[in-house]
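Reading through the structure tokens given below for one structure.
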Amino acid sequence: MAISNITEIVDFILLGFPELPNLQGFLFWLFLFIYLCILIGNGLIIVITKVDPSLQTPMYFFLGNFSFLEICYTTVTIPRMLTDLWTQNKHISFLDCVVQLCLFLILGGTECFILAVMAYDRYVAICKPLNYPLIMNHKVCVQLVVGSWIGAVPIQVGLTYQIFTLSFCSSNELNYVFCDAPPLVKLACGDSTLNEFPVFANAVLFGMIPFTLILVSYIRIIITILKLPSATGRQKAFSTCSSHLIVVGLFYGTGISTYLLPKSKQTVLLEKILSLFYSTVTPMFNPMIYSLRNKDVIAALKKLLCK
1 MAISNITEIV DFILLGFPEL PNLQGFLFWL FLFIYLCILI GNGLIIVITK
51 VDPSLQTPMY FFLGNFSFLE ICYTTVTIPR MLTDLWTQNK HISFLDCVVQ
101 LCLFLILGGT ECFILAVMAY DRYVAICKPL NYPLIMNHKV CVQLVVGSWI
151 GAVPIQVGLT YQIFTLSFCS SNELNYVFCD APPLVKLACG DSTLNEFPVF
201 ANAVLFGMIP FTLILVSYIR IIITILKLPS ATGRQKAFST CSSHLIVVGL
251 FYGTGISTYL LPKSKQTVLL EKILSLFYST VTPMFNPMIY SLRNKDVIAA
301 LKKLLCK
């Protein structure tokens, strides 16, 4: 469909995985399984961080909020993907695409901030343990979480507006599984570098800056841990940080690869796979990473299941 002006757009077509025409049913059940794992795993984390007295600390307060964020983040995309796979109706209205992209960007930005806040919490706990209760009091924790949730809203709404005011002149077919910024910008007329710059700048602001803060926090943490006289103390300190580092690596690794690396037509399938990693696969693994590597979480889960 040739499109010459933004006002003429009625809908977009999410092509999904046209490379796998015989696996649409398998993909439906696969993504349904992933979504159920996300809901159950993150839901359990939310419950135990609320009801277990031993988990009433800032670290688990942030973890509970992070799990709730993961449920919201995946609910923006996966139910729509499941509907498209089940019905094979790949059309998404212009308004639905706007809403999906806006929510996806806002929640993605919030996740970047929450991960940075969690790194700061670990930094204070390990590098300034005597002042930890004073610095990370409940009021500060709530302010950090609220700031993370609302801090991304104005800029991401502005980026969504900027993307959808572009003129789309080549096609309304998105070779993607949901409405995301990179494939939408590819459809726009004019200088592709100019069109892609706001998306790139947004990725730097919400991706690289929080990621840099996380790296700085963990460099300070590692330096402090290495100075501990006890090998047991060093091992315990490393174990409390390793889960968060794995989650950060998975999320930022795939996100940066999608938003910041040079684009080419030969990497369309790779881009889709990477987008699925940071939008669906990583949220599924997060509860497993935090529970399997955390004795307190395992103990709380056992108590909950016994009850």
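Numbering (the UniProt record's numbering), first residue to last: 1 to 307. In this text, a Cβ means the ideal position worked out from N, Cα and C, and glycines have one as well. All values reported here derive from a predicted model rather than from experimental measurement.
### For Ser93, the residue or residues it bridges with in DSSP
Locating residue 93 in the sequence shown gives position 93, where the first residue counts as 1. In the DSSP output, where bridge partners are listed per residue, Ser93 has Asp11.
### Nearest-angstrom Cα separation, counted from Arg220 out to Lys128
Residue 128 sits at position 128 when you count from the first residue of the sequence shown. Residue 220 sits at position 220 when you count from the first residue of the sequence shown. Approximately 11 Å between the Cα atoms of the pair.
### Task
Just the C-alpha distance for Asp296 and Val142, rounded to the nearest angstrom, thanks.
To locate residue 296, count along the sequence shown from 1; it is residue 296. To locate residue 142, count along the sequence shown from 1; it is residue 142. Taking the straight line joining both Cα atoms gives about 22 Å.
### Query
Between the C-alpha atoms of Ala188 and Cys306, what's the straight-line distance to the nearest angstrom?
Here residue 188 corresponds to residue number 188 of the sequence shown, with the count starting at 1. Here residue 306 corresponds to residue number 306 of the sequence shown, with the count starting at 1. Ala188 and Cys306: Cα-Cα distance of roughly 56 Å.
### Task
In angstroms with no decimal places, state the Cα-to-Cα distance between Gly64 and Lys50.
In the sequence shown, the residue the question calls residue 64 occupies position 64. In the sequence shown, the residue the question calls residue 50 occupies position 50. If I take the Cα positions, the gap works out to 8 Å.
### Message
Could you tell me the alpha carbon to alpha carbon distance between Val177 and Leu226, rounded to whole angstroms?
### Response
The count along the sequence shown starts at 1 and reaches residue 177 at position 177. The count along the sequence shown starts at 1 and reaches residue 226 at position 226. Val177 and Leu226: Cα-Cα distance of roughly 45 Å.
### Message
My parser needs the beta strand (DSSP E) runs of 3 or more residues fully inside the stretch 77-148; what are they?
### Response
91-93
### Query
With a cut-off of 8 Å, do at least 3 Cβ pairs link the stretch 68-75 to the stretch 97-115?
yes
### Task
Within the same chain, show all residues whose beta-carbon is closer than 7 Å to that of Cys37, passing over the 5 residues directly before and after it, in chain order.
Translated into positions along the sequence shown, residue 37 becomes position 37. Excluding positions up to five away in sequence, the list reads Met284.
### Query
Whose C-alpha, out of Thr282, Val268, Leu269 and Ala231, is nearest the C-alpha of Thr254?
As a position in the sequence shown, residue 254 is number 254, starting the count at 1. Considering only alpha carbons, the answer is Thr282.
### Task
Return the Cβ separation of Leu54 and Ala300 in integer angstroms, given the expectation that the two are a contact with Cβ distance under 8 Å.
The residue you call residue 54 lines up with position 54 of the sequence shown. The residue you call residue 300 lines up with position 300 of the sequence shown. One detail in the question is off: residue 54 reads as Ser in this sequence, not Leu. Confirmed, Cβ separation roughly 7 Å.
### Neighbourhood of Leu144 by C-beta, 6 Å cutoff - its chain only, sequence neighbours within 5 removed
Working through the sequence shown from its first residue, we reach residue 144 at position 144. Cβ neighbours of Leu144 beyond the five flanking positions: Val117.
### Task
Sort out for me which residues DSSP pairs Ala188 with in a bridge.
For the purposes of this step, residue 188 is taken as the residue at position 188 of the sequence shown. Answer is Phe168.
### Message
In whole angstroms, give me the CA-to-CA distance for Val140 and Asp121.
### Response
The residue you call residue 140 lines up with position 140 of the sequence shown. The residue you call residue 121 lines up with position 121 of the sequence shown. The alpha-carbon atoms of Val140 and Asp121 are separated by roughly 11 Å.
### Query
Taking just the CA atoms, how far does Trp29 sit from Gln235?
In the sequence shown, the residue the question calls residue 235 occupies position 235. In the sequence shown, the residue the question calls residue 29 occupies position 29. Gln235 and Trp29: Cα-Cα distance of roughly 40 Å.
### Query
According to the Cβ coordinates, are Ile126 and Thr224 closer than 8 Å?
To locate residue 126, count along the sequence shown from 1; it is residue 126. To locate residue 224, count along the sequence shown from 1; it is residue 224. Contact flag set, yes.
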